[in-house]
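Inspection log for the structure reproduced underneath, given as structure tokens.
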Amino acid sequence: MIQSIVRPEKVHEVMKALLDAGFPAVTKMDVFGRGKQRGLKVGEITYDELPKEQLLVVVADADKDLAVETVLKSARTGDKGTFGDGKIFISKVEETWTVSSGTKDA
Amino acid sequence: MKQITAIIRMNMMNVTKQALIDAGFPAFTVRKVLGRGKGNVDYRVIHGAEAGAPEAIARLKDDGPMLIPKRMMNLVVPDEAVPKLIETIIRVNRTGKRGDGKIFVLPIEEAIRVRTNERGAAALA
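Chains as they are written, first to last, in numbering that gives the first Met the number 0: chain A, 0 to 105; chain B, 0 to 124.
Structural data, given as structure tokens:
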């Protein structure tokens, strides 16, 4: 399972890129958080609950690198990226079941 | 310990909650999510395309499937409870049509109850 936390304004682009790369199935949710930079400081005020979008994609092991690469490429702002572009976490999924057929996927 | 992440239909939430309590899984976390699966499921667009409307056909080829609201349910259970839990969720949520949802099983390293600082299986009991 690839959990990517990306900028809300980039989410459409990322999902389009995932679709084009052959990963149509995505779950998206709104999250709030802060990162290493301890939020955003604008003058006196610190914003440490920045809005982000979290995307969950479950892919086969062989497709992992392609999916990560797709998210990286589409979620980055500017050539070298910017603070706040997001993070990608990858965790193991042991089993996947499809409810409509009631069967375990390979 | 395993984490079960089930993505199910919004309107199945109440029956699923009841079924999980009856099966002995009272504890879970739920949130509203948006998602898409393998299929294109905007029925208005599909019907429009079937009727031969050019805008609908163009939409079908354009942005991909639209996002559908779903419920995502997270439960952490001991290993031996996993088959029963999966069976319960599938039995209640299965209509046989596309969009019934997916269930993922992920390994969990540790569970800690904040109130008592219990670890592992004791935290789940």
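Idealized CB from N, CA, C, for every residue including glycine.
Bridge-paired residues (DSSP) for residue i
{"i": "I85(B)", "result": "I85(B) is not bridged to any residue."}
{"i": "Q2(A)", "result": "L55(A), F88(A)"}
{"i": "E94(A)", "result": "V104(B)"}
{"i": "G77(A)", "result": "In DSSP, G77(A) forms no bridge with anything."}
{"i": "P53(B)", "result": "Note: P53(B) sits in no beta bridge, so no partner."}
{"i": "P50(A)", "result": "F31(A)"}
{"i": "T69(A)", "result": "Beta-bridge pairing links T69(A) to no other residue."}
Three-state class that DSSP yields for residue i in the structure shown
{"i": "A5(B)", "result": "strand"}
{"i": "V75(B)", "result": "strand"}
{"i": "K63(A)", "result": "helix"}
{"i": "K96(B)", "result": "coil"}
{"i": "R43(B)", "result": "helix"}
{"i": "L33(B)", "result": "strand"}
{"i": "P7(A)", "result": "helix"}
{"i": "R70(B)", "result": "strand"}
{"i": "T102(A)", "result": "strand"}
Residue closest to residue i, alpha-carbon to alpha-carbon, out of the options
{"i": "G34(B)", "options": "Y46(A), K63(A), V57(A)", "result": "V57(A)"}
{"i": "A61(A)", "options": "V10(A), L18(A), F22(A)", "result": "F22(A)"}
{"i": "M9(B)", "options": "K69(B), P77(B), A50(B), A57(B)", "result": "K69(B)"}
{"i": "V29(B)", "options": "M12(B), V81(B), A124(B)", "result": "M12(B)"}
{"i": "G15(A)", "options": "P106(B), K96(B), R114(B), M65(B)", "result": "According to the sequence provided, residue 15(A) is Lys. The question's Gly does not apply to it. Closest option to K15(A), Cα to Cα, is M65(B)."}
{"i": "R6(A)", "options": "T81(A), D104(A), S90(A), Y46(A)", "result": "T81(A)"}
{"i": "Q53(A)", "options": "V98(A), V10(A), D104(A)", "result": "V10(A)"}
{"i": "P77(B)", "options": "A18(B), A124(B), Q17(B), L19(B)", "result": "A124(B)"}
Residue range of the unbroken beta strand (DSSP E) whose run includes residue i
{"i": "V41(A)", "result": "39 to 41"}
{"i": "M28(A)", "result": "25 to 32"}
{"i": "K35(A)", "result": "First-last for K35(A): undefined, no H or E at that position."}
{"i": "T115(B)", "result": "Looking at the DSSP string, T115(B) is not in any beta strand (DSSP E), and its letter there is neither H nor E."}
Closer than 8 Å to chain C by CB, residue i
{"i": "K27(A)", "result": "Of the chains in the structure shown, none is chain C; the protein chains are A and B."}
Extent of the continuous alpha helix (DSSP H) to which residue i belongs
{"i": "T15(B)", "result": "12 to 21"}
{"i": "A125(B)", "result": "The requested residue 125(B) is not part of the displayed model; chain B covers only 0 to 124."}
Contacts that residue i makes with chain A (C-beta to C-beta distance below 7 Å)
{"i": "F103(B)", "result": "M0, V57, V92, T95"}
{"i": "R35(B)", "result": "P23, A24, V25"}
{"i": "M71(B)", "result": "T26"}
{"i": "L84(B)", "result": "The contacting residues do not exist; L84(B) stays about 11 Å from chain A at best."}
Where residue i meets chain B, residues with beta-carbon distance less than 8 Å
{"i": "S111(A)", "result": "No statement about residue 111(A) is possible, as the shown extent of chain A runs from 0 to 105 and does not include it."}
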